[in-house]
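See below for the structure under consideration.
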Amino acid sequence: MKAFTALMHREFIEHKGAFFLGPMLLLGVLFGLTILAFTVGRVDVHLSGALFTVAPLIIYEMGFFGLGFAWSLYLAVTLFFYCADGFAADKRNNAMLFWKSMPVTDFKILLSKLTAAVTILPGVVFGLALLSGVLLFGVAFATMSINGTASVGTLGAIVGIYGNVALTLFTALIAALLWYLPVMALVGAIAAAIGRWAIPIALLLPTLISTLEWVTLGGLHPFATNTWRFLQYRLAVPQTDYVDTWFAAAETATSGRLGVPRFDGVVASGEVLASLDWTQIGIGIVFALAAIYLASEYRRRVNDN
Amino acid sequence: MNELTLDPAPPSGEPIVTARGLRKSFGRKEVLHGLDFDIPAGRIYGLIGHNGAGKTTALNAMLGLTDCQGTIRVLGEDPFARRAKLMENVAFISDVASLPRFLRVRELFALLSNIHPNFSQDKARGFLEGTDIKPEMKVKHLSKGMIAQLHLAVVMAIDAKLLVLDEPTLGLDITYRKRFYRRLLEDYMTEERTLLITTHQVDEIEFMLSDIMFIRDGDLVLHMQMETVNDKFTQLVVTDPAHLASARALKPVFEETRFGQTVLIFDGVPRTQLEPLGALSTPTLSDLFVALMQRPTANPEPAR
């Protein structure tokens, strides 16, 4: 276990730029923009002002969700490129034989990469996303203090909102990582075999498989096959009605109607988890392990340094 | 197998490496043609051959990096099936540039102390004392020589029974090369450890070798202790052309002309027979290499 943890740690060190330094830079930019907004007096118009006065708590919730969505997009892109490139990094860095001189199997090395992709790497980005939320709430509370609408009760409400939204974002992150685990493993396994070509191959793979079914079994066109329907279902983002309904109500609230109930993170998280197809997740975990095993057997036989 | 002599050292216990009928093919081309050898513990072996002779393939077979036909056992284990387990007691440097470039020296040591059960961070730091390598330096910012020093410190800090070095000093200047081998001898070698080195710079490692193996086109053509090499092979320099025919009658394994003199190398011919014909000496490893490894494709003037 100690060796496995160390291998995950080396993944973090190797990809610190994408998963720590890059997000830190973005956070810095966000902080800089906020300070700038304050100093040039535009904060009342763009970041708070009338909006915060009318429906401040709704703005906190929606703002944090917006940040969470932006960070999720960042994470999705970086994780895809990590899998498509990080699994071939030992070969690209001429370090393959060094790692093979260590008393760890190729399976353990590749599994540590996949485990890092669903734990430490998104965990760091999630931590920074939470920090950006603190920054947003700090700015909002400061603004409210300036315009006189802040109180201890408001601060308590902000903390509560922060906790609820953070819980929902965390649950959604876990759900997404579990749901897309087989995709990450497949992209990583392809990368272990063919390096960066995994990027176009992974993007083309669904079309290729669907076309293969269309060619061999027939059908209206390549995108009207069982394979394509399954892939559409399997690649779709897990969603819940609760979040959609709440957002619709919240949008109305920001345009003047107050009294929208607070976002309930526990209910939303419960719905996110309940919406998941756990059988598919189980199959996905088995598929991911199989893909990593096959890739490790390939890597065991190839010593390209 | 057209082996001249197979006279390995008397084993002290089980051999570290045992190979029987070791074969390896890439596609239709067979690069190892059924090697048989034992490597006992506590020896320093030189595995020497031309480019493409099969040295690295043989090493890869020993290190579990490639699957082969025949039987090979290292420390009693099948290296390909049990590579990870084997690496607890085997260390190797395949290429001086293979250290992960993104790591700092201290990060490398910290990771290794968690990954390798027989790695000592204190020892590694000790080996780097007196060098210009500092813990905060990134591997990618080190010079080639410094990377070689660092890699050597890493493998020497591993308490391994077998150390394999495949062209460890490739591309280094002579100062680094000499320092590299000196440290290896002074700080690492003990009678429990076995060292296997391949290099083209045979003269630089000759002083430290206890045994040599010459590999040519996938065959082991020579495998013996250095003491036996000195007893068995004799170099004769003939300055008087009148003696040349007599010398040739004793069937030298190699002949060439240098600065108007004829140099011949003999295998197993008593020195008393050769003494009247010219000046005798023991051939250096590189002379012996040239003598035994001549290939028509590589040498326009084939050996006699």
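Protein chains in written order, with this note's numbering: chain A, 4 to 308; chain B, 1415 to 1718. By construction, the Cβ of each residue, glycine as well, lies at the ideal position given by its N, Cα and C atoms.
1. Output the residue ranges of the alpha helix (DSSP H) runs that lie fully inside the region 1595-1655 of chain B and measure 4 residues or longer, sorted by chain position.
2. Counting only beta-carbon atoms, is B/T1480 nearer than 8 Å to chain A?
3. Can a CB atom of chain B be found closer than 8 Å to the CB of A/V107?
4. The ligand ADP and B/D1654: does any heavy atom of the ligand fall closer than 7 Å to the residue's C-beta?
5. For B/L1599, which residues in the same chain have their Cβ closer than 6 Å to its Cβ, ignoring the five residues on either side in sequence?
6. Taking 8 Å as the threshold, find out whether the region 174-189 of chain A comes into contact with the region 138-153 of chain A through three or more Cβ pairs.
7. Assuming A/L131 contacts A/Y85 under a Cβ cut-off of 8 Å, what Cβ separation, rounded to an integer in Å, is found between them?
8. Figure out for me which residue from B/A1574, B/A1571, B/T1604 and B/K1558 has the closest Cα to the Cα of B/P1582.
9. Which of helix, strand or coil does DSSP assign to B/R1496?
10. Considering only residues of the region 1479-1542 of chain B, which uninterrupted alpha helix (DSSP H) runs meet the minimum length of 4 residues and lie entirely inside it, listed in chain order?
11. Which word fits B/K1438, buried or exposed, when buried means at least 16 other C-beta atoms lie within 10 angstroms of its C-beta?
12. Between B/P1714 and chain A, is there a C-beta pair that is closer than 8 Å?
13. Assuming B/V1569 and B/A1498 form a contact by the criterion Cβ under 8 Å, report the distance between their Cβ atoms to the nearest whole angstrom.
14. State yes or no: is the beta carbon of B/H1555 nearer than 8 Å to at least one beta carbon in chain A?
15. Between B/I1486 and B/M1476, is the Cβ-Cβ spacing less than 8 Å?
16. Assign A/E17 to buried or exposed, taking buried as 16 or more other Cβ atoms, counted over all protein chains shown, within 10 Å of its Cβ.
17. Where A/S75 and A/W217 are concerned, what is the direct C-alpha to C-alpha distance, given to the nearest angstrom?
18. Would you say A/S154 reaches chain B, if we count a Cβ-Cβ gap shorter than 8 Å as a contact?
19. Count the CB pairs spanning the region 296-304 of chain A and the region 1445-1454 of chain B that are closer than 8 Å, and state whether there are at least three.
20. Based on the DSSP output, what are the partners of B/T1432 in its beta bridges?
21. Strictly under 8 Å for the Cβ-Cβ distance: is B/N1528 near chain A by that measure?
22. Got a sec, what are the start and stop residues for the beta strand (DSSP E) B/S1695 sits in?
23. If I measure Cβ to Cβ from B/S1624 and keep anything under 8 Å in the same chain, skipping five residues before and after, which residues do I get?
24. Which residues of chain A have a Cβ atom closer than 7 Å to the Cβ of B/E1502, listed in chain order?
25. Quick check on A/G130: does DSSP put it in helix, strand or coil?
26. How many Å lie between A/T228 and A/T210 at the Cα?
27. Among B/I1561, B/S1695, B/L1706 and B/L1566, whose alpha-carbon lies nearest the alpha-carbon of B/I1626?
28. With a cut-off of 8 Å, does the C-beta of B/S1508 fall near any C-beta of chain A?
29. Three or more beta-carbon pairs under 8 Å between the region 105-117 of chain A and the region 158-171 of chain A, yes or no?
30. On the CB-based measure, 16 or more other CB atoms within 10 Å of its CB, does B/K1554 come out buried or exposed?
31. For A/F67, which beta-bridge partners are listed by DSSP?
32. For A/F250 and B/A1571, I'd like the C-alpha separation in whole angstroms.
In terms of the structure at hand:
1. Assignment of alpha helix (DSSP H) within the region 1595-1655 of chain B, counting only whole runs of 4 or more residues, yields 1616-1619 and 1640-1646 in chain order.
2. As a working mapping, residue 1480 of chain B is identified with position 66 in the second sequence. Yes, because at least one Cβ of chain A sits closer than 8 Å to the Cβ of B/T1480.
3. Residue mapping note: residue 107 of chain A aligns to position 104 of the first sequence, counting from 1. Proximity of A/V107 to chain B, defined by a Cβ-Cβ separation below 8 Å, is satisfied.
4. With respect to the ligand ADP, the structure offers nothing, as it holds no ligand at all.
5. Reading the second sequence from its first residue, position 185 is the one you call residue 1599 of chain B. If we look at B/L1599 and ignore the five residues flanking it on each side, its Cβ neighbours are M1622.
6. With a cut-off of 8 Å, the region 138-153 of chain A and the region 174-189 of chain A do not count as touching, because too few Cβ pairs lie within range.
7. Here residue 131 of chain A refers to the residue found at position 128 when the first sequence is read from its first residue. Here residue 85 of chain A refers to the residue found at position 82 when the first sequence is read from its first residue. With 8 Å as the limit, A/L131 and A/Y85 do not qualify as a contact, their Cβ atoms being about 16 Å apart.
8. Along the second sequence, read from residue 1 onward, the residue named residue 1582 of chain B stands at position 168. Here the closest residue by C-alpha is B/K1558.
9. To locate residue 1496 of chain B, count along the second sequence from 1; it is residue 82. Looking at B/R1496 - three-state DSSP - the assignment turns out to be coil, as it is neither helix nor strand.
10. List check, alpha helix (DSSP H) in window: 1497-1500, 1519-1529 and 1535-1542.
11. Position 24 of the second sequence holds residue 1438 of chain B. It is buried - the Cβ of B/K1438 has at least 16 other Cβ atoms within 10 Å.
12. Position 300 of the second sequence, counted from the start, is the residue given in the question as residue 1714 of chain B. Caution is warranted here: a pLDDT of 39 is assigned to B/P1714, below 50, making its placement in the model unreliable, and the coordinate value is therefore given only provisionally. No, B/P1714 lies away from the interface with chain A (no Cβ there is under 8 Å from its Cβ).
13. If you number the second sequence from 1, residue 1569 of chain B lands on position 155. If you number the second sequence from 1, residue 1498 of chain B lands on position 84. With 8 Å as the limit, B/V1569 and B/A1498 do not qualify as a contact, their Cβ atoms being about 17 Å apart.
14. Position 141 of the second sequence, counted from the start, is the residue given in the question as residue 1555 of chain B. No, its Cβ sits nowhere closer than 8 Å to a Cβ of chain A.
15. What you label residue 1486 of chain B is simply residue 72 of the second sequence in a count that begins at 1. What you label residue 1476 of chain B is simply residue 62 of the second sequence in a count that begins at 1. Result yes, Cβ atoms of B/I1486 and B/M1476 sit closer than 8 Å.
16. Translated into the one-based positions of the first sequence, residue 17 of chain A becomes position 14. With 16 or more Cβ atoms within 10 Å of its Cβ, A/E17 is classed as buried.
17. By one-based count along the first sequence, residue 75 of chain A stands at place 72. By one-based count along the first sequence, residue 217 of chain A stands at place 214. Distance between the alpha carbons of A/S75 and A/W217: 34 Å.
18. Mapped onto the first sequence, residue 154 of chain A falls at position 151. At a cut-off of 8 Å, the C-beta of A/S154 has no neighbouring C-beta in chain B.
19. The answer is no - the region 1445-1454 of chain B does not touch the region 296-304 of chain A, with fewer than three Cβ pairs under 8 Å.
20. Your numbering for residue 1432 of chain B matches position 18 in the second sequence. Under DSSP, B/T1432 forms a beta bridge with B/D1452 and B/R1487.
21. Residue numbering aside, residue 1528 of chain B sits at position 114 when the second sequence is read from its first letter. B/N1528 belongs to the set of residues whose beta carbon lies under 8 Å from a beta carbon in chain A.
22. Here residue 1695 of chain B refers to the residue found at position 281 when the second sequence is read from its first residue. Counting along the chain, the beta strand (DSSP E) containing B/S1695 begins and ends at A1693 to S1695.
23. Walking along the second sequence from the start, residue 1624 of chain B turns up at place 210. Taken in chain order, the residues that qualify are A1423, R1457, I1458, Y1459, Q1639 and M1640.
24. By 1-based counting over the second sequence, the position of residue 1502 of chain B is 88. P106, listed in chain order.
25. Counting from one through the first sequence, the residue named residue 130 of chain A turns up at place 127. Assigned with DSSP and collapsed to three states, A/G130 falls in helix.
26. Walking along the first sequence from the start, residue 228 of chain A turns up at place 225. Walking along the first sequence from the start, residue 210 of chain A turns up at place 207. C-alpha separation (whole angstroms): 10 Å.
27. Taking the first residue of the second sequence as 1, we reach residue 1626 of chain B at position 212. The shortest Cα separation from B/I1626 among B/I1561, B/S1695, B/L1706 and B/L1566 belongs to B/L1706.
28. In the second sequence, residue 1508 of chain B corresponds to position 94, counting from 1. Closer than 8 Å: yes.
29. No, because fewer than three Cβ pairs between the region 105-117 of chain A and the region 158-171 of chain A fall closer than 8 Å, the two stretches do not touch.
30. Residue numbering aside, residue 1554 of chain B sits at position 140 when the second sequence is read from its first letter. Around the beta-carbon of B/K1554, fewer than 16 other beta-carbon atoms lie within 10 Å, marking it exposed.
31. The sequence position of residue 67 of chain A within the first sequence is 64, counting from 1. Under DSSP, A/F67 shares a beta bridge with no residue.
32. Numbered from 1 along the first sequence, position 247 holds the residue referred to as residue 250 of chain A. Numbered from 1 along the second sequence, position 157 holds the residue referred to as residue 1571 of chain B. Rounded to whole angstroms, the gap between the alpha carbons of A/F250 and B/A1571 is 60 Å.
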